[in-house]
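Asker: Numbering (this note's numbering), first residue to last: 29 to 537.
Even glycine gets a Cβ: it sits at the ideal position worked out from N, Cα and C.
None of these values were measured; they are calculated from a predicted model.
Written as structure tokens, this is what we have:
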């Protein structure tokens with residue numbers, strides 16, 4: 029890095045101490061890598077909880093084995109010494125931090141990036157609330173005591189207000205006292221939700237609802253803390269770096285792409301003509317880093333004349349549809365094209381899909397194309413002495429796809445004027461280093477790398493097995509169309525038989 033020619037954003041983060049939550053998640057690890065590679069931060073505290081297998085140190089050790097950190101290791105492995113692991117848990121009071129660690133964070137931290145959220149599709153509202161809402165509140169309590177705090181950025185979802193058709197860059201009031209809601213959850217658990225039922229039922233998932241609550245907690249810090257919110261829509265692979273097409277998360281459209289690409293998912297409930305608002309992971313984290321800088325720069329009215337909002341929390345909608353929309357139909361066609369050009373060697377059947385916006389058609393087709401084949405295969409497996417798991421596999425796939433069906437059947441009008449003003453306020457060098465302008469993306473080219481990224485980083489299927497995948501594809505294609513032909517012949521014979529029987533009964537033919 030050129031020490032004497034730092035950009036504005038690089039200069040802001042120079043020698044700063046950063047606290048990052050959610051570092052082991054998809055976005056968190058990308059923020060960590062970007063800060064290490066493109067800025068001269070002094071330290072990065074990673075708040076990491078123990079999971080069932082590993083302690084926080086072991087989890088970070090595994091995290092750094094991720095291929096996105098290979099470039100840093102080659103150039104300057106000393107950067108990794110800036111990482112300090114902190115034992116904590118977003119679902120606990122005071123984040124489960126030891127008093128000594130807590131005092132150290134309060135004394136040293138300048139910038140906070142909050143990306144740790146409970147986003148699992150099967151997460152209960154109670155569990156999601158403890159992490160996404162109370163956890164955010166606990167982090168804000170700590171931030172209020174930070175003596176050197178310059179910025180606090182919450183990475184939220186653009187669908188936190190999906191109950192509205194038009195979504196502006198502002199925090200929408202909810203008809204609920206957030207602190208009272210959390211108290212009710214803490215004391216009564218699921219029973220505490222009953223009086224909020226009319227509100228919670230409006231949202232399609234616990235994740236979107238609880239993030240709306242978390243944003244309202246942030247709103248209470250207006251004029252008190254240098255806070256900002258970056259909302260992102262459906263996140264998929266990186267576009268430019270650190271590796272083009274990198275992805276390791278099955279959330280959102282990726283789960284559907286995997287299911288269709290492997291020949292498992294054959295029917296989907298959605299509207300192909302709706303615009304799919306998808307964003308690239310590297311642009312999201314660049315947006316968050318730029319927002320952290322901008323929060324500290326609001327005093328510069330010439331730079332952010334239209335963006336500056338006194339005593340209000342700046343919100344940035346990181347979305348693609350206002351400037352570079354792509355319909356789900358186009359998205360699907362491109363993914364089908366590249367999926368068949370370099371099919372996975374783990375292919376399970378010939379990939380094809382039927383998309384319908386009619387719920388009754390979907391339920392019928394799902395029964396015919398998912399339930400019946402899975403039932404037959406389970407019986408076959410049991411007959412040969414193996415435990416049948418195909419039905420369970422489809423249930424798991426339903427979990428990945430069920431949540432996105434809501435978003436494929438609806439569309440929203442997003443306002444991203446704050447983000448446009450933020451880009452205008454950045455220097456040319458910063459716009460190159462921390463690009464998040466989705467209008468410059470060529471979807472055809474990008475989605476090719478996205479498909480390859482799924483193959484390599486999620487399916488763990490290297491590109492040198494493409495020929496093997498192509499052979500499988502041709503075999504399954506032959507079997508697929510053979511079965512269709514056989515089915516048509518059987519239907520014809522049945523129809524002919526019943527027609528003859530009908531004519532014989534009523535017309536003595």
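Once DSSP output is grouped into helix, strand and coil, what is the label at residue 69?
Answerer: coil
Asker: Taking only three categories from DSSP, how would you classify residue 179?
Answerer: strand
Asker: Among 448, 214, 312, which one has its Cα closest to the Cα of residue 141?
Answerer: 312
Asker: Cα-Cα, which of 498, 96, 181 is closest to residue 369?
Answerer: Taking residue 369 as reference, the option from 498, 96, 181 with the minimal CA-CA separation is 498.
Asker: From the DSSP output, in three-state form, read off residue 115 for me.
Answerer: strand
Asker: Below 8 Å on the Cβ atoms is my contact criterion, and I expect residue 304 with residue 379 to pass it. Report the Cβ-Cβ distance as a whole number of Å.
Answerer: Not confirmed; about 19 Å, so no contact.
Asker: Give the straight-line distance between the Cα atoms of residue 115 and residue 131, rounded to the nearest whole angstrom.
Answerer: 14 Å
Asker: Short of 7 Å in beta carbon distance, which residues of its chain neighbour residue 69, apart from the five on each side in sequence? Order them along the chain.
Answerer: 41, 44, 46, 63, 110
Asker: Can you give me the Cβ contacts of residue 100 inside the same chain, cut-off strictly under 6 Å, excluding the 5 residues immediately before and after it?
Answerer: Only 64, 65, 107 meet the Cβ criterion.
Asker: For residue 471 and residue 177, what's the separation of their Cα atoms in angstroms?
Answerer: Straight-line Cα distance between these residues: approximately 39 Å.
Asker: Determine which residues share a DSSP beta bridge with residue 303 and list them.
Answerer: 355
Asker: Residue 540 by DSSP, collapsed to three states: which one?
Answerer: Since the first residue shown for the chain is 29 and the last is 537, residue 540 is missing from the structure and cannot be characterised.
Asker: When the Cβ atoms of the stretch 243 to 261 are set against those of the stretch 340 to 357, are three or more pairs found closer than 8 Å?
Answerer: yes
Asker: Measuring CB atoms only, is the stretch 431 to 446 touching the stretch 349 to 363, in the sense that at least three cross pairs come out at less than 8 Å?
Answerer: Enough Cβ pairs lie closer than 8 Å, so yes.
Asker: If residue 48 sits next to residue 34, beta carbons under 8 Å apart, how far is it from one beta carbon to the other, in whole angstroms?
Answerer: At roughly 21 Å, the Cβ-Cβ gap does not stay under 8 Å, so residue 48 and residue 34 are not in contact.
Asker: Pull up the CB-CB distance for residue 206 and residue 244, whole angstroms please, since I reckon it's below 8 Å.
Answerer: 5 Å
Asker: Give me the Cα-Cα distance between residue 179 and residue 208, rounded to the nearest whole angstrom.
Answerer: 27 Å
Asker: If the criterion is Cβ atoms closer than 7 Å, does the pair residue 183 and residue 254 meet it?
Answerer: no
Asker: Kindly indicate which three-state DSSP category residue 524 falls into: helix, strand or coil?
Answerer: helix
Asker: For residue 294, which three-state DSSP category applies?
Answerer: In this structure, residue 294 counts as coil in the three-state DSSP scheme.
Asker: Starting from residue 152 and walking both ways along the beta strand (DSSP E), at which residues does that stretch end?
Answerer: Looking at the DSSP string, residue 152 is not in any beta strand (DSSP E), and its letter there is neither H nor E.
Asker: If you draw a straight line from the C-alpha of residue 524 to the C-alpha of residue 514, how long is it?
Answerer: 15 Å
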